[in-house]
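These notes concern the structure reproduced below.
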Amino acid sequence: MKKLLLLGTLLLSNVFYAQSPVWVNSFDTPEDLAGWTFHDLNNNGNKWVQGPNIYHNGTTLAYGTSGVLRYSINNVPTGNATGFATENDWIISSEIDLTSASGTITLAAYIGRQRTTHVNVGRGLYIYESTPQKPVPALSDFQALAVDANGNQLEAKYAIIGSGFTSDLTQTVEALVNISAFAGKKIYIGLWSNRITSGAALNSQNINIDEIGIYATTVLKTKDFEKDKRSTRILKNPAASELLLDLNPSFSPEEVKVTIYTMMGAQILAVPYNSRIDIAALPNGTYLINITNGSSIESLKFIKR
């Protein structure tokens with residue numbers, strides 16, 4: 002389970018907890034970046050990568066055990082990447098479909114730092130809204146969001162910034178961004194790494210992103226089920242060692258995926274549908290569960306005791 006240190010006010014957290022996951026990427030494996038594009042514009046081989054987190058263990062830089070999306074100008078165990086002064090690298094996500102999402106939509110990022118000297122760690126977050134005229138953006142579309150025609154850096158409208166870190170460099174902090182303006186849209190996310198020193202909090206070269214998720218207060222089904230058709234039910238709630246599911250009759254079991262999240266939005270389990278889901282290893286607490294057949298989503302809540 003990912004280590005999270007929650008930030009924000011109680012009011013904000015309560016609103017966030019009431020939301021259901023729409024899209025989550027935990028960056029645990031290279032496959033999690035399928036469909037993402039990488040742009041190493043100074044051709045030095047140093048770019049955004051998926052891999053283990055990097056942190057300073059007190060003596061040298063070392064690899065941790067968490068799968069993250071990271072950017073680092075530091076080499077492990079020592080030294081800096083070549084071409085450091087001209088870093089100009091992008092990573093752009095695959096399509097994120099928010100057409101079923103409405104209400105308050107929150108992007109949550111879980112950010113880790115690599116050294117204790119990094120007080121604020123973050124990145125500008127560039128979001129491209131897909132249109133019928135141009136459904137898939139090019140790199141130039143994101144560059145236009147970041148730099149004007151005269152080469153001046155534009156202030157990012159959105160940003161993920163981590164602060165309030167503990168001394169444990171393997172911990173992450175939560176950054177929440179309201180992206181409700183994109184309700185009902187299809188979007189792409191771009192992250193830029195550069196050596197522009199202004200706005201240092203948005204241009205930290207070294208960053209571990211443990212997870213990015215998007216959550217909404219309302220997730221609409223993409224199919225309208227007949228009124229006499231019931232939704233998936235949890236048969237015993239609270240549950241102990243097993244989660245017993247009674248599947249919506251409109252779903253075909255072989256097409257259904259079950260995903261379980263903590264109330265902080267961290268994905269902890271994703272498995273094909275089974276009427277009995279083993280939850281014995283989960284700590285006691287309240288969890289969110291998504292049931293989807295690829296076109297429709299049902300969101301439920303259960304308690305593990």
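Per my numbering, residue 2 is the first one in the sequence shown, and the count goes up by one each step.
Yeah, the Cβ is synthetic: ideal placement off N, Cα and C, and Gly gets one too.
Values in this document were obtained by computation on a predicted structure and should not be read as measured data.
| Query | Result |
| --- | --- |
| Along the chain, where does the alpha helix (DSSP H) that runs through L248 open and close? | First-last for L248: undefined, no H or E at that position. |
| Just confirm the distance between the C-beta atoms of Y159 and I180, as a whole number of angstroms; I'd bet it's less than 8 Å. | 7 Å |
| Where does L146 sit, in a helix, a strand or coil, going by DSSP? | helix |
| Considering only C-alpha positions, which residue in the set S95, N195 and I215 is nearest to N207? | N195 |
| Would you mind stating whether V220 and S73 have Cβ atoms separated by less than 8 Å? | no |
| Would you kindly work out how many angstroms separate the C-alpha atoms of S21 and E130, rounded to a whole number? | 22 Å |
| Short check: CB of S300 to CB of N291, under 8 Å? | yes |
| Are the region 169-177 and the region 131-140 touching, with three or more C-beta to C-beta distances below 8 Å? | no |
| Just list the residues that DSSP pairs H40 with in beta bridges. | W91 |
| Could you tell me how far apart the beta carbons of W37 and S94 are, in whole angstroms, since I believe they sit closer than 8 Å? | 6 Å |
| Measuring only the C-alpha atoms, how far is V174 from G165? | 7 Å |
| Would you list, in sequence order, the uninterrupted beta strand (DSSP E) runs of no fewer than 3 residues that lie entirely inside the region 112-177? | 122-130 and 159-163 |
| Look at the alpha carbon of V257 and the alpha carbon of L246, and state the distance between them as a whole number of angstroms. | 12 Å |
| Exposed or buried, G59, counting other C-beta atoms within 10 Å across all chains shown (16 or more means buried)? | exposed |
| Could you check the C-alpha separation between L1 and T61 for me, to the nearest Å? | Outside the shown range of the chain, which is 2 to 306, sits residue 1, and nothing can be said about it. |
| Tell me whether the beta-carbon of N81 lies closer than 8 Å to the beta-carbon of L42. | no |
| Taking V77 and A63 to be in contact with their CB atoms under 8 Å, please state how far apart those CB atoms are, rounded to whole angstroms. | 6 Å |
| Here's a check: name, in chain order, each residue in its chain whose Cβ is nearer than 7 Å to the Cβ of F143, leaving out the five neighbours to either side. | W91, I93, Y127, Y129 and G191 |
| Return yes when the Cβ of I213 is within less than 8 Å of the Cβ of L26, no when it is not. | Looking at the sequence provided, one finds Asn at residue 26 rather than Leu. In contact: N26 and I213 (Cβ atoms closer than 8 Å). |
| Label L70 either buried or exposed according to how many other C-beta atoms from any shown protein chain fall within 10 Å of its C-beta, with 16 as the threshold for buried. | buried |
| Classify T79 as buried or exposed, calling it buried when 16 or more other Cβ atoms lie within 10 Å of its own Cβ. | exposed |
| Using three-state DSSP, classify F303 as helix, strand or coil. | strand |
| Taking the beta strand (DSSP E) that K258 falls in, what are its first and last residues? | K258 to T263 |
| Looking at the secondary structure, which residues open and close the beta strand (DSSP E) in which G80 lies? | Unbroken run through G80: none, as it is neither H nor E. |
| Do Y111 and D211 count as a contact pair if the criterion is CB distance below 8 Å? | yes |
| Could you give the residue range of the beta strand (DSSP E) that holds G191? | K187 to N195 |
| Can you round the beta-carbon distance between L270 and T260 to whole angstroms, since I take them to be within the 8 Å contact cut? | 7 Å |
| Rounded to a whole number of angstroms, what is the C-alpha to C-alpha distance between T293 and V178? | 25 Å |
| Looking at the secondary structure, which residues open and close the beta strand (DSSP E) in which T218 lies? | I208 to V220 |
| Nearest-angstrom Cα distance between D225 and A217? | In this prediction, D225 has a pLDDT of 39, which is less than 50 and means its spatial position is unreliable; nothing more can be read from the coordinates. |
| With distance defined between alpha-carbon atoms, name the residue in V148, I280, F183 and S251 nearest to G104. | F183 |
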